[in-house]
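Counting in UniProt numbering, the sequence shown tops out at residue 148, every number present.
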Amino acid sequence: MHQLRPIKRVAFEGPVTGRRFYGCPVQENGVNCGVVEWVDGPWPTVLQRCLCKLWEMFHEQNFGRVQDKQKFEKELARLKSEHERELAKLRTENDKLCIEYTKLVDDVSKMFDWQDGRVDKKVYQKQVEEEELEKKKKELEEKAMLEV
Ligand SMILES: [Zn+2]
């Protein structure tokens with residue numbers, strides 16, 4: 001059909017795999033006159049069956065590989081979204097903790113202030129008591145002096 005010298009090739013399909021032949025040299029667009037003449041005679045039936053089985057296995061494995069890839073990508077997407085969900089949860093938890101922590105610091109400092117106030121009050125009260133005692137002592141001394 002193409003008026004070209006056929007070239008020697010090796011079949012790579014089904015039960016004829018490995019058989020040499022002369023074929024059309026045109027390759028583009030899939031338009032090809034195909035086999036012009038076989039170099040090797042047909043393979044024994046047993047070998048042909050084996051070749052068919054091998055090709056079947058090969059295609060199944062490829063299909064499996066595609067499925068594995070899809071499964072892998074699905075799993076990856078699932079893990080990604082799970083990770084993002086977990087991250088968002090952690091972020092809200094962190095925000096909550098930050099608020100709680102701020103509140104805690106506030107409460108603790110308030111507690112310290114209150115305690116300081118109490119301590120100051122106690123110190124003040126003690127001072128007042130001591131001053132009163134001193135006053136009483138002086139009064140008693142003055143009284144004793146007057147009595148003498
Ligand atoms: Zn051709």
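A virtual CB, placed ideally from N, CA and C, is assigned to each residue, including glycine.
Going by the CB atoms, is the gap between Arg19 and Trp55 shorter than 8 Å?
Cβ distance not < 8 Å, so Trp55 and Arg19 don't count as in contact.
In the structure shown, what three-state DSSP assignment does Gly34 receive?
Correct three-state label for Gly34: coil.
Can you tell me which of Val10, Asp106, Val31 puts its alpha carbon nearest to the alpha carbon of Met1?
Answer by Cα proximity: Val31.
Applying the 10 Å Cβ sphere with the 16-neighbour rule, what's the burial state of Leu51?
Buried, because 16 or more other Cβ atoms sit within 10 Å of the Cβ of Leu51.
May I ask you to list the residues that DSSP assigns as paired with Phe21?
Its beta-bridge partners are Arg9, Trp38.
Answer yes or no: the CB of Val35 versus the heavy atoms of ligand 1, is any distance below 7 Å?
For ligand 1, not one heavy atom lies less than 7 Å from the Cβ of Val35.
Answer yes or no: the CB of Leu4 versus the heavy atoms of ligand 1, is any distance below 7 Å?
Yes, since a heavy atom of ligand 1 falls inside the 7 Å radius drawn around the Cβ of Leu4.
With H, G and I counted as helix, E and B as strand and the rest as coil, what does DSSP make of Val119?
In the structure shown, Val119 sits in a helix (DSSP, three-state: H, G or I).
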